[in-house]
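Protein chains: 2
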Amino acid sequence: MTPQSGRSPVMADVARLAGVSHQTVSRVVNGHPNVRAETTARVQRAIDELGYHRNSTARALVTRRTNVLGVIAFDTTLFGPAQTLAGIERAAREAGYFLSIVSLDDVSPAGVAEAVDYLIQQSVEGCIAIAPQRALVRALAAVPGPRPLVAVEGGEGSGLPVVCVDQAQGAHDAVRHLIDLGHRTVHHISGDPEWLEAESRVAGWRRALEEAGAAAPEPLVGDWSPRSGYEMGRRLIQRRATGEEVTAVFVANDQMAIGLLRALGEAGLRVPDDISVVGFDDVPEAEFLAPPLTTVAQDFAQVGRVSLRVLLDELGAGERPAGEDAASGPPPAPRLIVPARLRVRQSSGPAPAPDPHR
Amino acid sequence: MTPQSGRSPVMADVARLAGVSHQTVSRVVNGHPNVRAETTARVQRAIDELGYHRNSTARALVTRRTNVLGVIAFDTTLFGPAQTLAGIERAAREAGYFLSIVSLDDVSPAGVAEAVDYLIQQSVEGCIAIAPQRALVRALAAVPGPRPLVAVEGGEGSGLPVVCVDQAQGAHDAVRHLIDLGHRTVHHISGDPEWLEAESRVAGWRRALEEAGAAAPEPLVGDWSPRSGYEMGRRLIQRRATGEEVTAVFVANDQMAIGLLRALGEAGLRVPDDISVVGFDDVPEAEFLAPPLTTVAQDFAQVGRVSLRVLLDELGAGERPAGEDAASGPPPAPRLIVPARLRVRQSSGPAPAPDPHR
DNA sequence: GCCAACATTGTTAGCGTTAACAGAACCGGC
DNA sequence: GCCGGTTCTGTTAACGCTAACAATGTTGGC
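So the protein lines, in turn, are chains A and B. For what it's worth, the working numbering labels the leading residue of the first sequence as 35, then goes sequentially. For what it's worth, the working numbering labels the leading residue of the second sequence as 35, then goes sequentially.
So, in C-alpha cells, the structure goes:
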C-alpha cells in the first residue's frame, strides 16, 4: 500500500520509502547511536520527502510521558501573573516541555477543582500554580490534584514547594527609604487582603515602621485597581484635612499609586513636595508618570525560571525509589525566595517642613 | 492481577472491579446510550473508588483528535495580546479545547519556524496567531505550518482567515472627535511601523484629517513604549517652539500617551487647556491619569471569542469532503472585524484660542 | 579460519483507548 | 412458543510509537 495522500505519513511510510524497518526510523528520529551513517541519511531523506513528523500522542502513550506541564493562574492579564507566566513559558520551552494554561475566573473550591480536573484530563506531568490568593492556596492544597505541584507566591503552611518574591523585604526597603528621607511615619494603601502579597507587603511596611520606632497609621485597604487607589487617596486627603500628618505613602502596587497620584493632583497636593509616594511592581510606565514613580521591582523572569526548576526537581525526586534514603525521611518542601529591588525616582523626597498651622 | 498501587488505574482495572468489560466502561465514560442504568451506576462506583481518569493520550491516539489548539503570540505581557490571549483561553475552554501557547522572542523566519515546529510536535489541530507584525504574518504564511491557522490582527493579503479590531475606524473616530472640538489639525505619535496596528491607526488618522480638509503633519514614529512617547513628546514640544500649531495629539497607544503627558507636564503645558491628547487601548489606569485619558477601547474578549469560532469553523470545513460543492470553488478566507469604541474623558478639550503672538 | 564481541537491523509485543462487529438477553405480536 | 427487532454487553482489532529481544552482519585477535 502506498502512503495515502490524505493521511499524514507515519513511521511505516518512511520505513517503506527508505527500505528499512520502522524501528530503524524510530532510532533515527530519536538520535540513537548504532545506526549506520548511510542508513541515517537515507531515512532522513525519506522523512524530508514525506514531510514526516513524529506523532507525539503515540510516543506519549508508550513512554508514559506527555511532556506537558500545567499552569494554574488567576488573572493572566495582571502585570505580575503575566510576567511570571512569560518567564515560566520561556523556561519550559528551553527545558523541552509543553505548557497548558488554565486561567481561573474565581477562586472558589469548585472553580479550582474544575481547573485541576482540566489539567488532569490532559495528563500533565506536574503543575505550577500562580497562586497569590489565600483561598486559592487552600483550595489547591485540599484538592487531590496533580502532583508534583509548585506554588508561586503561595504562602507557607500549604505543604507545597513555594517560590516567591521577597515581598516583605521589598516593602521594608520602600518604607525604610521614606523614613531615611525624614518622614516621621508612612501611610499604606494595601492590596486586596485576600492576596498573600498584600499581606506580606503590609508586614514589611509594619516592620520597617516598628524598627524606626514610628507609629503605624491604620492602613487603607484597596483592591489593586487604579480606582481603589484613587478612592483611598481621597480618604487619605480627608485624614490630612483633620490634621493628621500625612507626608509619605507606600502603595502596594503601581496601578493604585497611579490612582493615588490622580487624587493628590486633584486636591492640589504636589508630589513629592507635599507628599511622597512609593509604589510596587515597577510597571513600564512607572518611569514616565508625573512625577516618575519610586517603586519596587520584582524579577518575574527569575521567578518563572526558578519555579520551573523546582518543579523539574520534584519530578526527578518522584522518580527515585522511595525509602532509598529512608533515614532522612521525606525532604521538606523547598521554599525559594527571589529578592525585590527598590527603584528610587522622583515621587519620593524629603519630608516637608512641619506645618506651621499645627 | 489486582491493580498495581503504583500505576494509576486504567479502564481494565475499573472493568474488573465492576465486573464488566472495558468497553462498557468506555461507554459509561463517554456517556453512550444503551447502557443499563444499574450497570452505569456500578461502573461509576468503581471509577470513583479507584479514582480513575481516562487517559487522554490513548484516546487521542485512537480518535486522531488531540483537542489541542495552538496559539502563537509575540509578547504576551503587552496589554493587547494578553487580553486577546485571555479571551481565546476562555473561549477554548468553553468549547472543550486545550490550548498550547508559544511566545515568540523575535519574528525572524527562523524563530517563527521553530515556534511552528513546536506546535506541530504537539499535534495541534489548528492554530491562532496573534500576529500584529508584518514580518510575522509573512513568515507564517510562508512556513508550511499547522493548518487551519487564523491570524488575529493579521492584515490582508496573507490568504489566511483574519480577525481584527477595526483600528482604522477607532483612530478615525478619535481624530474626528478632536476636529469636532475645533482643532485645526491633529498630530500623531505612531506605534512601531512594523506593526500592522500602527499602520491602520495612521491610516485612520490620515483619512479623518483628509475628510476634514486638514493638513496632516509629519507623524512622529514611536515604538509603543512609554519612553518613546516621552521622547516624541519632546520633539513635539520643539515643533511647537518653532511656531507650528500643536493643539491636539492622537497617540497610537495609552502607554506612549503616558510618556507624552509626562513630557508635556515637564514643559509646563496643560492638558487639555494647551494641548488635547487622545490615546488608544483604554488600559485600566487610563481613567486615573492626570488628566483622565480620552482613548479608544478594543473588545479583546470578543476578538478572542470570534477568532476561536473562525478556527472551529475552519476545522469543520476541513472535515467536509472537498469538491462537494465544487461549482463555487474554495470559499475565500473570512475576514471578521470587531469594532473599536471611543471613550471620551478629560484629556481632550476645545482648541485653545489662537496664539496672539502669531 | 574460527570465535567472541560488537555494531547494526529486524521482529514482536505492548501502551490504553475507541470502533466495529458479534453475541446474548429481552420484548411484543402472532 | 417462535420470530424479527431492540437493547445491552463482550470480543477483537486497530491507532503509531518505543522497548526488549532476536537475528543478522562485521570486526579483530589468535
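We treat Cβ as the ideally placed atom computed from N, Cα and C, and that holds for glycine.
Within 8 Å (strictly less), CB to CB, does residue i reach chain A?
i: D359(B); result: Note that D359(B) has pLDDT 46, beneath the 50 cutoff, so the model's placement of it is unreliable and the number below is only indicative. Not an interface residue.
i: G299(B); result: yes
i: Q78(B); result: no
i: G338(B); result: no
i: S310(B); result: no
i: I292(B); result: yes
Along chain A, which residues have their Cβ under 7 Å away from the Cβ of residue i?
i: A116(B); result: T110, T111 and A116
i: L95(B); result: T91, A92 and L95
i: P318(B); result: S259, P260 and Q289
i: V324(B); result: Sequence inspection shows Ala at residue 324(B); the Val mentioned does not correspond to that position. Going along chain A in sequence order, the residues near A324(B) (Cβ under 7 Å) are L295, R296, G299 and A324.
i: S157(B); result: N89, S90 and T91
Out of the options, point me to the one whose CA is closest to residue i's CA.
i: T111(A); options: A126(A), R98(A) and S137(A); result: S137(A)
i: C198(B); options: L342(B), H222(B), D214(B) and S60(B); result: L342(B)
i: A249(B); options: T328(B), S382(B), G130(B) and R218(B); result: R218(B)
i: S259(B); options: V378(A), P251(A) and V317(A); result: V317(A)
i: R10(B); options: L323(B), Q336(B) and V372(B); result: No information on residue 10(B) is available, as it lies outside the stretch 35 to 392 that chain B covers here.
i: G238(A); options: R261(A), T281(A), G263(A) and A286(A); result: A286(A)
i: L153(B); options: L103(B), V184(B) and Q117(B); result: L103(B)
i: C161(A); options: V236(A), S60(A), N101(A) and R88(A); result: N101(A)
i: A202(B); options: A242(B), T74(B), E265(B) and L51(B); result: A242(B)
i: I122(A); options: A282(A), Q336(A) and L370(A); result: Q336(A)
i: R124(B); options: D140(A), G65(A) and T329(A); result: D140(A)
i: A320(B); options: V196(A), M290(A) and A301(A); result: M290(A)
i: A275(A); options: L194(A), R296(A) and A301(A); result: A301(A)
i: G338(B); options: A185(B), D226(B) and H206(B); result: A185(B)
i: R235(A); options: R268(A), S60(A), F314(A) and D82(A); result: F314(A)
Does any residue of chain B have a CB that is nearer than 8 Å to the CB of residue i?
i: A356(A); result: Confidence in A356(A) is poor, its pLDDT being 47 and thus under 50, which makes the residue's placement unreliable; the coordinate value appears in the next sentence. Closer than 8 Å: no.
i: E245(A); result: no
i: Y131(A); result: no
i: H56(A); result: no
i: R343(A); result: no
i: T100(A); result: yes
i: R127(A); result: yes
i: S142(A); result: no
i: A232(A); result: no
i: S60(A); result: no
Should residue i be labelled buried (16 or more other beta-carbon atoms within 10 Å of its own) or exposed?
i: A360(B); result: Unreliable positioning characterises A360(B) in this predicted model, as indicated by a pLDDT of 45, which lies under 50. A coordinate reading is not provided.
i: D307(A); result: exposed
i: D288(A); result: buried
i: Q167(B); result: buried
i: E245(A); result: exposed
i: H221(B); result: buried
i: D47(A); result: buried
i: H393(B); result: No answer is possible for residue 393(B): it lies beyond the span of chain B, which begins at 35 and ends at 392.
i: P115(B); result: buried
i: Q38(A); result: For Q38(A), the pLDDT reaches just 42, beneath the cut-off of 50, and the residue's location in the model is therefore unreliable, although a value from the coordinates is still provided. Exposed is the call here.
i: Q272(B); result: exposed
i: A75(B); result: exposed
i: G188(A); result: buried
Can you name the residues of chain A whose CB is closer than 8 Å to the CB of residue i?
i: E321(B); result: P260 and R261
i: I213(B); result: In chain order: nothing, as chain A lies at least about 27 Å away.
Need the endpoints of the beta strand (DSSP E) that residue i sits in, please.
i: I223(A); result: H221 to S224
i: T329(B); result: T329 to Q332
i: G160(A); result: G160 to I164
i: R93(A); result: Not the beta strand (DSSP E): R93(A) falls in the alpha helix (DSSP H), residues S90 to T97.
i: L370(A); result: R369 to V372
i: V102(B); result: V102 to A107
i: V199(B); result: V196 to V199
i: L183(B); result: L183 to V186
i: F284(A); result: A282 to V285
So residue i contacts chain A; which residues on that side make the cut at Cβ distance below 9 Å?
i: Q332(B); result: By Cβ distance, chain A contributes nothing, its closest Cβ being about 13 Å from Q332(B), past 9 Å.
i: A120(B); result: D109, T110, T111 and S137
From what residue to what residue does the alpha helix (DSSP H) around residue i run?
i: V141(A); result: Premise fails: V141(A) is in no alpha helix (DSSP H) and is neither H nor E.
i: S234(B); result: L230 to E245
i: V311(B); result: Per DSSP, V311(B) belongs to no alpha helix (DSSP H); it is in the beta strand (DSSP E), S310 to V312.
What does residue i touch in chain B if you count any residue whose Cβ is under 7 Å from its own?
i: A123(A); result: Reading off the sequence shown, one finds Glu at residue 123(A), where the question assumed Ala. I135 and S137, listed in chain order.
i: I154(A); result: H87
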